[in-house]
Amino acid sequence: MVTRWSSKPEMIPDSQEVDVSLAVDKLDDQEAWRKAAARRLKISPSRIASVSLLKKSIDARKAPVRFRLRLLVGIGAPVPQEEPRCPVIPEVSSQARRIVIVGCGPAGMFAALRCLQLGLCPVILERGKDVSARRFDLAPILREGRVLEDSNYCFGEGGAGTFSDGKLYTRATKRGPVRDIYEMLVAHGAAAEILTDAHPHIGSNLLPNVVKALRATILESGGEVHFESRVEGLLLSGKGSRISGVVTADGREFQGAGVILATGHSARDIHRLLLSHGVALEQKSFAMGVRIEHPQPLIDSIQYHYDHGVKRPRALPAARYRLATTVKGRSVHSFCMCPGGFIVPCATSNDELVVNGMSLSRRDSPFANSGLVVGIEPRDTESWQAEHGVLAGMALQATIEQAAKEAGGGGQVAPAQRLLDFLEGGLSDDLPETSYFPGVRPASLADLLPDFISHRLREGLMRFGKAMPGYLNGEALLVGFETRSSSPVRIPRSPDSFQHPGVIGLFPCGEGAGYAGGIVSAALDGRRCAEAVAESLLSA
Ligand SMILES: Cc1cc2nc3c(=O)[nH]c(=O)nc-3n(C[C@H](O)[C@H](O)[C@H](O)COP(=O)(O)OP(=O)(O)OC[C@H]3O[C@@H](n4cnc5c(N)ncnc54)[C@H](O)[C@@H]3O)c2cc1C
């Protein structure tokens, strides 16, 4: 409990933070908040002049499910609610140093915004289209199974985070000011609830407008954003030890005082380009597995402790879950769980199939899906290392993605298996309904995965069935494969200067470089890289 004391001689606190627990139907009842706070403070409700919400979470550990609220309580006199700060993005001067940012995902966009705050002029180069045009490019992959290789669920304005679940929860709180990221999003159209929800979420229907508004701010403040500008070359000097800019596929050169490389985990061409110039890369641990889908009402009944078939109270959101265990030295865990969501095709080229999950802000689809992935260490990819060296993990990803494509039998139809059949090793005669629009086809998923993944998945699932009774259900479906949960490659950087140890001026950034895993951590990394660029210019 945090207490603010008044200056009155009797030392009566005039504001306090208190945690209260409320029945589900009392969430919107401010009188109930007041009474609960008064009980907690052991004072009369009449002394409470104001209550405002600081944090909201759901306590579903046991029945009945309750809301937990952290309230700021004004005692005797009202305490004004803290308004979200509106971040200031100043206009840069025409003399400002230009910083090239490759990639317009969360890392690239937040790097650009921070550059502007630091008096630098960001120049973003993005291979995909602006978010409005990009939206139309999702139709061919969904309806015809045809991947537009520069404009899809991973590539285009806003990056992989645009048509995503839009979960903003992060554990990367030590990497920077998470609230600043949320406030920037709220200032650009996200709902203010993301400031108080313990598990904030935006949703794919609202994210594009937020992304558009962020771009408008960058442009209005003097930055540049170039779409359909795929970077294919590097301007290197000093035998490759210094970078001064990049070259796009159509031959345009962009020079800058620093290059922030924020191209995401699917830009395999960028990793190859770096290697071709002798820029050192490292293998890193990553994770791969399947998407698992259940009927959402089943997950609701398990998580909220009521009988299957009973309707979820309106005040409660579609239930989420998080599962993790360790099997034979490797983590097996749920990843990017999307309550009330959809499984979507996330391939970036036509010879592969990749799945991931997204949702709309209301999270009201009848399905709950989640990645279920197994941790992979560089030594697990030994058989790919002889041929692919440091890109062995990437080669393993591609092998599985191509096997999935073939097993699906065409377009973006995905191989799939009932969960119980996967556990018992039998092919599914038929498959349950799914949210995956391009369709699914029965396949033995274990035959398409290396044993070190499928065995651990099986064992992990058995344990999850015990931890969450009902999870191993006849209606649960596994869809292949979730291969891009993280990057198998790290572009090294000095922990102090954030520059590549072998290339002055190159700032590897975000998820593709191995420094983030999610929208908010990528945004935080973008900020940090912009700050590192500014520092490097001061000390130059
Ligand atoms: C379907 C889906 C759902 C997801 N859901 C969530 C979620 O709910 N919550 C969450 O936190 N995370 C989610 N993620 C992960 C999240 O989107 C990423 O962690 C995050 O976007 C990484 O940010 P980034 O800026 O590092 O890279 P990206 O977002 O991948 O952005 C990289 C950008 O670089 C561009 N680019 C690549 N190569 C080049 C090139 N050669 N030249 C120019 N531009 C290039 C790409 O087009 C892309 O726009 C989801 C991902 C997917 C695919």
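Every letter in the sequence shown is one number past the one before it in my numbering, and letter 411, counting from 1, is 1168.
Every residue gets a Cβ at the ideal spot worked out from N, C-alpha and C, and that includes glycine.
Under 7 Å Cβ to Cβ from residue i, same chain only, skipping five residues before and after it: list those, please.
i     : result
R796  : none
L784  : F824, A1072
M1225 : I1059, Y1078, L1080
Kindly indicate the opening and closing residues of the beta strand (DSSP E) around residue i.
i     : result
C1266 : No beta strand (DSSP E) holds C1266; DSSP gives it neither H nor E.
P1199 : 1197-1199
A1125 : 1124-1133
C1093 : 1087-1095
S1001 : 999-1005
K813  : 805-816
E1116 : Inspection of the sequence shows that residue 1116 is occupied by Ser rather than by Glu. 1112-1116 is the span of the beta strand (DSSP E), which, as asked, contains S1116.
I881  : 878-882
I1276 : Premise fails: I1276 lies in the alpha helix (DSSP H), 1276-1296, not in any beta strand (DSSP E).
V904  : No beta strand (DSSP E) contains V904, which DSSP labels as neither H nor E.
T1082 : 1081-1084
I975  : That residue, I975, is in no beta strand (DSSP E); its alpha helix (DSSP H) goes 964-977.
State the CB to CB distance for the pair residue i and residue j, rounded to an integer number of angstroms; the pair is presumed to be in contact (CB under 8 Å).
i     : j     : result
A817  : Q1060 : 5 Å
V1236 : V1197 : 6 Å
A1298 : R1284 : For residue 1298 there is no data in the structure shown, the boundaries of the chain being 758 and 1297.
S1192 : F1099 : 4 Å
A1174 : S1140 : Position check: residue 1174 holds Gln in this sequence, whereas Ala was assumed. Actually they do not touch by this definition, with Cβ atoms about 25 Å apart.
A1273 : D1282 : 5 Å
A1287 : G862  : Going by Cβ atoms, the distance from A1287 to G862 rounds to 14 Å, so no, they are not a contact pair.
R1213 : V1089 : 5 Å
For the alpha helix (DSSP H) that contains residue i, what are its first and last residues?
i     : result
D1178 : 1176-1181
N1230 : First-last for N1230: undefined, no H or E at that position.
E788  : 787-798
P1052 : It is not in any alpha helix (DSSP H) - P1052 instead sits in the beta strand (DSSP E) that spans 1043-1052.
E1139 : 1139-1145
F984  : Careful: F984 lies outside any alpha helix (DSSP H) and carries neither H nor E.
Q1012 : Note, Q1012: premise wrong, no alpha helix (DSSP H); beta strand (DSSP E) at 1010-1012.
L1030 : 1025-1033
R871  : 863-874
I1157 : 1149-1165
Roughly how many angstroms separate the alpha carbons of residue i and residue j, rounded to a whole number?
i     : j     : result
S961  : R1120 : 10 Å
P837  : D771  : 12 Å
S1116 : P1258 : 39 Å
R803  : K792  : Reading off the sequence, residue 803 comes out as Ser, not Arg. Cα to Cα, S803 sits roughly 9 Å from K792.
D1057 : G1066 : 10 Å
I1210 : A1297 : 48 Å
F1124 : R842  : 36 Å
T1083 : S1042 : 15 Å
H1051 : G1217 : 17 Å
E985  : I951  : 32 Å
L925  : A970  : 18 Å
V830  : I800  : 12 Å
G1097 : L1188 : 19 Å
D1026 : G1165 : 25 Å
Y1078 : I898  : 29 Å
M1298 : G1132 : The structure shown has nothing for residue 1298, since the chain only spans 758 to 1297.
G980  : G1222 : 51 Å
S1031 : V1111 : Contrary to the premise, residue 1031 reads as Leu rather than Ser in this sequence. Computed Cα separation, rounded: 24 Å.
S764  : L1294 : For S764, the pLDDT reaches just 44, beneath the cut-off of 50, and the residue's location in the model is therefore unreliable, although a value from the coordinates is still provided. Rounded to the nearest angstrom, the two C-alpha atoms are 47 Å apart.
E1144 : V988  : 26 Å
D1178 : L1206 : 15 Å
G833  : D782  : 28 Å
T1142 : M1151 : Inspection of the sequence shows that residue 1142 is occupied by Gln rather than by Thr. C-alpha separation (whole angstroms): 10 Å.
I1017 : Q1169 : 33 Å
S978  : I858  : 16 Å
By Cβ distance, which residues of its chain are closer than 8 Å to residue i, with the 5 residues on each side in sequence left out?
i     : result
E767  : Only weak support is given to the placement of E767: the predicted model assigns it a pLDDT of 44, under 50, and the question is left unresolved by the model.
V759  : With a pLDDT of 44 at V759, under the threshold of 50, the predicted position of this residue should be treated as unreliable, though the coordinate-derived value follows. Q773, E774.
V968  : M866, V888, E914, G915, T919
N1107 : R903, V904, E906
G1008 : none
Quick one: is the Cβ of residue i within less than 6 Å of any heavy atom of ligand 2?
i     : result
A1279 : Judged by which ligands are present, ligand 2 is missing from the structure shown, whose ligands are ligand 1.
Who are the Cβ neighbours of residue i in its own chain at under 6 Å, not counting the five residues just before and after it?
i     : result
G1338 : Outside the displayed span of the chain (758 to 1297) sits residue 1338, for which this structure offers no information.
S1127 : I1049, S1091, M1094
R825  : S778, S814, D816
E1292 : none
R761  : Note that R761 has pLDDT 47, beneath the 50 cutoff, so the model's placement of it is unreliable and the number below is only indicative. Excluding sequence neighbours, R761 sits near S772.
P1135 : Q1040
D776  : R827
Taking only beta-carbon positions, decide if residue i is within less than 7 Å of chain E.
i    : result
L992 : This model lacks chain E altogether, as it is built from one protein chain only.
Exercise for review: Say whether the stretch 1060-1080 touches the stretch 808-823, bearing in mind that this needs 3 or more beta-carbon pairs closer than 8 Å, one atom from each stretch.
Suggested key: yes
Review point. Three or more beta-carbon pairs under 8 Å between the stretch 871-879 and the stretch 840-856, yes or no?
Key: yes
Review point. Do the stretch 1000-1017 and the stretch 1226-1234 meet, that is, are 3 or more Cβ pairs less than 8 Å apart?
Key: no
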